[in-house]
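If you read the protein sequences in the order shown, they are chains C and B.
Residues 1 to 457 (the working numbering) are what the first sequence spells out, left to right.
Residues 1001 to 1531 (the working numbering) are what the second sequence spells out, left to right.
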Amino acid sequence: MTGTASPAEAADRVVGAVLSGLQHGSDQGIVVDSPPGAGKSTLVVRVAGELAAAGEPAILIAQTNEQVDDLINRLAATGAHRQIGRLSAVDYVPSPRVAQHQVVTVGTRVRDLDGSTVIVGTAAKWATVPEGTWPWAIVDEGYQMRSDALLRVANRFQRALFVGDPGQLDPFSTVESERWVGLTWDPMQSAMAVVLRHNPGLPLHRLPVSWRLPASAVPAVARAFYPFTGFRSGTGSTARRIALEAQRSAARSAHDMARSALDNVARSALDDAVELAASRGWALYELPARHTVRTDPEAIAACAALATRLLDRRAVAYSESAPSGRPVSPDRIAIGVAHRDQAAAIRALLPPSAAAVTVDTANRLQGREYDVTIVLHPLSGRRDATAFHLETGRLCVLASRHRHACIVVARAGIQELLDAHPGNTAVHLNVPVTFPDGWEANHAMLAHLERYRVIAG
Amino acid sequence: MSTLVALARALAFVQGVAQPITMVRHIHCAERPMVFIPLALAGEANAPLAAMVGDDPDRPRLLVVPQPRNRDLRFAFAAELASILVPHFERFQTVTEVAAPDRTGQARWRSTDAPQVVVANPAAAGFVRLFGRSTRFRRADGPYAVDARVPVLGQWLTFFAERAEYPGSSLLVTLTDALAMHWATGQSALEDTHLPALLAWIEPPEGRDGATAAMLAEDPGIWPPAGPATDPDFDNRVLAPAIEAYAAATTPDAGTLAECQASGALRDAVASQLEPTWRLMWRAIALLRALPPGVRVADRWAADRDAYTEFAARLEGSGLPQPRRDGAVAAARRLHRLERALAAFTVQRAYDDPLIMAEYRLTGEAFVATVLEADRLRIDTSGRRRTLRPRVTVTTTDPAKPEVGSTWISPARPAQRARAVEVVVARGAETTVVLELSGGMGRALTPLPGSVPDAGERLCYTSLADQYVPPGDFPAPEETPWTHGGPPAPASLDAVEGQAAVASRRGDDLPRDDLPRDDLPRDDPAGEEWS
């Protein structure tokens, strides 16, 4: 990798190359791949600022309203823009983080936003803009965007910067899409894939440093999900730590909550898992092997109990941004699952003190960041390993949202399940092979977690 | 598989008979469906061997290719099939009605009825698609010329196969899929694609349970496979000798007695494989017809008739065959249309059918409630204008826990929105919700009779909305952006999208693959004998 340069220098070098390509290059597009938490948004904001300074108005295309509002908040904070346009649907109500900025103008039509140095909107909204061409577009989260969504907006710009994380979930559709497999413009691919297949010569940059993931997480995540490109951690192995301020026994009374549901969960094993994660960044909380329904009551209870236990033990996170420590409050904890019904079941079990803990599916956790995550393994308790549950992106998103520690809850026997279900997806002509495949990534991740196993009950 | 369907399958297994999983029929049943049973020759992809076809259960037409390896005979088969199907497909164009104007305000007409093709199983639907592909690029002149109706048949079959991809469409009905949509059996989904076994579960004979009846139905000696693949035992013992006998009897002077006898024997052999399926298919159609149709089936059939009318007009206009592959814009458009059709079908099915709505009640996306009290004449005076905003208090024992501010719709009054303004979750399983109604009550400040539910009424509220979503905008094919390979070469614009560009080339060469790249396989339609 980048030899002896410090993480900051290595990252600056890539950002510098992107910016110089923007100013002096003649390519129609520039592609930037970014591992989790590598400063993708920072790059987007910086590029928008440079383009505004050069007098070249740009449009910014994000995928969700949430992402648009986040970007606007950060764009406004730089002070580099005379006016920021927020292109939005008729029923959009500006969120507080957008409304607080004087420079932001909200409009439903481009003509309402004249004079903006940058106009931000979702891909769906941009698709309704029938005319106008801007010299530059910045497409954020290009791996979440579907090829057909890009097709609808691509005539709005001449040149574009595409930014995204290749480890995200692939776009999907509920209808049969086999008839397009093998076409270079298959509408089911990601926007990034379609651009690169038609323009293989575009410059491709990779952000080399994850500022989010701790040093304990980077080797495992990089090996499992980014085996050929890799990346490094922005912080050293001692920069991040979690201290548990309450003792194992002392914390009991804090919430003698939801006992009926959680009583079965062995408390000492919970404490072992929380302590292991606090000290080493990972824990695998392993339940006995069993085939279960999707909302496996024991696994669901374990997820809720681990979150509660973490709060009971009054975890405090020390890091480069909070050297004197910051409590791991409920809003700094996320529980990630594969299905919505699992999320609903976990939410129902959380006691009021933990109600602010985020419980969501991998799709919705994309692009978000927490101190500690608790992950219900997508293959836990299953009889089969379907393409949905094997998808590389799903596990990657779940395993890369944390700044400090990640606790995985799973039933034993996933390795055997994987071995019994080798990948059987059809191989099609003229479809580029993507690595790693989900089967391989799942095995790599489990082999890693093996060393952090706590056996429950 | 949803929870209720899983339950129905378990019940079917225990009780030994298929269980209904819907209360109404969700497909359209035509008055005179065109039943089509193709058989293919083993060992060669999609080579037609025979077909039984017709719209009258008592008068099936049998078509046989006596020597399936002979290309001329294959196209003679295609021409004979075309002489039956094409006039049937065209017949429905003559009577039209006025339809709602299109997006540009242009007046539209649609046929009052449309042809419906019924096949036995997904493999037969696949045969329709592939046979359409192998015939629609044929030409009536030049080398390997075929009967002029053959390419027209190919375009029709392609139209039916492509329309069948639309969720909720009934132009091409696959019987095993249609039956499995309405009944759950105690066997696997794969086994459900075997028509005799599926029907054995739905209607087991007296004194037998479904599992036994299905097992007996799997004996190809009693129930030959519904095609297109034939029973290997039949192939070896009956078909191969019969074809050999025919080949031996064929002499340069056609029509000898021996040849007639050999071809007659072959026809009888093939008919024995087709007739049981023919009877089963009409039985299955009768079963479906006996179900009461869902309210919104007619709307979807109207969309099918629109598609039919449009295609018939296109066939008379440019007459260019559908391209082999979708271009970048065509692919994105089609995906968009399919997704819209699926979204609409999902909602409409639930609106039409309490048993399907029950699935959403389990997941909290719908609830059935009793109206406790109704404030019919409530006027909201908080805004600049006085508006009619009745409130109803309803109570439910369903698992749904509506959030304050969420919007609900009752399938009984689809134009009306109900916003939850107050939710009380009682200790038991009961939830009381105060709903504020808007829309669907007329223009006055008093609601039209029956537009506001009365106390005591039991009704369903769901968060699924059957609302019109305007179609998305896509660039024209000649404006395909650089991200998607740029505009295709002019000659390769496909017939639908590039009509302007292609119109001037009418009678010109067939449309080529719209793939401007050289590393992809490309076949020259005119030189290709059989694809």
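From the three backbone atoms N, C-alpha and C, an ideal C-beta is built for every residue, glycine too.
Residue-chain proximity (residue i, chain B), Cβ-Cβ < 7 Å
i: Ala258 of chain C; result: Any reading at Ala258 of chain C needs caution, since the residue's pLDDT is 46, under 50, leaving its predicted position unreliable; the model's value is listed next. Cβ-Cβ to chain B under 7 Å: no for Ala258 of chain C.
i: Trp211 of chain C; result: no
i: Arg111 of chain C; result: no
i: Trp136 of chain C; result: no
i: Trp180 of chain C; result: yes
i: Gln28 of chain C; result: yes
i: Thr392 of chain C; result: no
i: Thr174 of chain C; result: yes
i: Pro96 of chain C; result: no
Counterpart residues of residue i in DSSP-defined beta bridges
i: Ser319 of chain C; result: C:Ala322
i: Gly1294 of chain B; result: For Gly1294 of chain B, which the question treats as bridged, DSSP gives no partner whatsoever.
i: Gly236 of chain C; result: In the DSSP output, where bridge partners are listed per residue, Gly236 of chain C has none listed.
i: Phe157 of chain C; result: C:Trp134
i: Glu275 of chain C; result: In the DSSP output, where bridge partners are listed per residue, Glu275 of chain C has none listed.
i: Phe943 of chain B; result: Any property of residue 943 of chain B remains undetermined from this structure, which presents chain B solely from 1001 to 1531.
i: Glu1436 of chain B; result: B:Arg1391 and B:Arg1419
i: Ile242 of chain C; result: C:Ala317
i: Phe162 of chain C; result: C:Val31 and C:Val139
i: Gln1019 of chain B; result: B:Ala1184
Min CB distance residue i to chain C below 7 Å
i: Ser1492 of chain B; result: A caution first: Ser1492 of chain B carries a pLDDT of 49, below 50, which makes its placement in the model unreliable, though a value can still be read off. Chain C, which has no Cβ nearer than 7 Å to the Cβ of Ser1492 of chain B, makes this no.
i: Pro1481 of chain B; result: yes
i: Pro1196 of chain B; result: no
i: Asp1509 of chain B; result: Because Asp1509 of chain B sits at a pLDDT of 34, beneath the cut-off of 50, its placement in the model cannot be relied upon, and the following sentence gives the value as read from the coordinates. No, no contact with chain C.
Any non-hydrogen atom of the ligand HEM closer than 6 Å to residue i Cβ
i: Gly413 of chain C; result: No copy of the ligand HEM appears in this structure; indeed no ligand is present at all.
Nearest neighbour of residue i, chosen from the options [CA to CA]
i: Gln28 of chain C; options: B:Gln1015, B:Ala1374, B:Trp1482 and B:Ser1002; result: B:Trp1482
i: Gly281 of chain C; options: C:Ile455, C:Asp437, C:Trp211 and C:Val408; result: C:Val408
i: Pro7 of chain C; options: C:Arg212, C:Arg82 and C:Thr184; result: C:Arg212
i: Ala301 of chain C; options: C:Asp384, C:Glu178, C:Ile374 and C:Ser233; result: C:Ile374
i: Ala1269 of chain B; options: B:Leu1288, B:Tyr1246, B:Ala1290 and B:Met1281; result: B:Tyr1246
i: Gly1472 of chain B; options: B:Leu1335, B:Val1347 and B:Pro1228; result: B:Leu1335
i: Ile242 of chain C; options: C:Cys406, C:Phe435 and C:Asn73; result: C:Cys406
i: Ala289 of chain C; options: C:Phe172, C:Leu449, C:His428 and C:Ala412; result: C:Ala412
i: Thr1480 of chain B; options: C:Leu87, C:Pro378, C:Ser147 and C:Leu398; result: C:Ser147
i: Ala345 of chain C; options: C:Ser319, C:Asp296 and C:Glu320; result: C:Asp296
i: Met1441 of chain B; options: B:Leu1280, B:Arg1340 and B:Leu1377; result: B:Leu1377
i: Met445 of chain C; options: C:Val454, C:Gln189, C:His377 and C:Glu131; result: C:His377
i: Ser1002 of chain B; options: B:Pro1477, B:Glu1359 and B:Glu1191; result: B:Glu1359
CB contact below 7 Å: residue i versus chain A
i: His1026 of chain B; result: Checking the listed chains, one finds no chain A in this structure; the protein chains it contains are C and B.
Mind checking the segment 1404-1420 of chain B against chain C and listing, in chain order, the residues whose C-beta falls within less than 9 Å of any C-beta there? none
What are the residues of the segment 182-203 of chain C that lie near chain B, defined by any Cβ-Cβ distance shorter than 9 Å? Gly182, Leu183, Thr184, Trp185, Asp186, Pro187, Met188, Ala191, Val194, Val195, Arg197, His198 and Asn199
So, does the segment 1122-1133 of chain B touch the segment 1043-1063 of chain B, judging by three or more C-beta pairs under 8 Å? yes
Chain C contacts from the segment 1313-1340 of chain B (Cβ-Cβ distance under 9 Å): Arg1325, Asp1326, Gly1327, Ala1328, Val1329, Ala1331, Ala1332, Arg1333, Arg1334, Leu1335, His1336, Leu1338 and Glu1339
Between the segment 132-158 of chain C and chain B, which residues of the former have a C-beta closer than 8 Å to a C-beta of the latter? Ser147, Asp148, Leu150, Leu151, Arg152, Ala154 and Asn155
For the segment 1153-1174 of chain B, enumerate the residues whose C-beta is nearer than 8 Å to any C-beta of chain C, in chain order. Glu1165 and Pro1167
Is there contact here, the segment 1403-1415 of chain B with the segment 1456-1464 of chain B, by at least three beta-carbon pairs under 8 Å? yes
Output needed in chain order: residues of the segment 341-367 of chain C with a Cβ under 9 Å from some Cβ in chain B. Asp341 and Ala344
Residues from the segment 1338-1371 of chain B in contact with chain C, defined by Cβ distance under 9 Å: Leu1338, Glu1339, Ala1341, Leu1342, Ala1343, Thr1346, Thr1363 and Gly1364
Proximal residues, the segment 1451-1485 of chain B versus chain C, C-beta separation under 7 Å: Gly1472, Asp1473, Phe1474, Pro1475, Glu1479, Pro1481, Trp1482, Thr1483, His1484 and Gly1485
Is the segment 307-325 of chain C touching the segment 1023-1037 of chain B, taking contact as three or more C-beta pairs under 8 Å? no
Would you call the segment 1074-1087 of chain B and the segment 1139-1153 of chain B in contact, with 3 or more CB pairs under 8 Å? yes
Cβ pair count under 8 Å reaching 3, the segment 141-154 of chain C against the segment 60-71 of chain C: yes
Give a yes or no on contact between the segment 155-168 of chain C and the segment 1307-1320 of chain B, applying the rule of three or more CB pairs nearer than 8 Å. no
At a cut of 8 Å, does the segment 1337-1346 of chain B reach the segment 184-191 of chain C through at least three beta carbon pairs? no
Any residues in the segment 36-58 of chain C with a beta carbon nearer than 9 Å to a beta carbon of chain B? Which ones, in chain order? none
At a cut of 8 Å, does the segment 1099-1115 of chain B reach the segment 1299-1307 of chain B through at least three beta carbon pairs? yes
Taking a Cβ distance cut-off of 9 Å, strictly less, list which residues of the segment 70-92 of chain C are near chain B, in chain order. none
Count Cβ pairs between the segment 20-38 of chain C and the segment 200-218 of chain C that sit closer than 8 Å; are there 3 or more? yes
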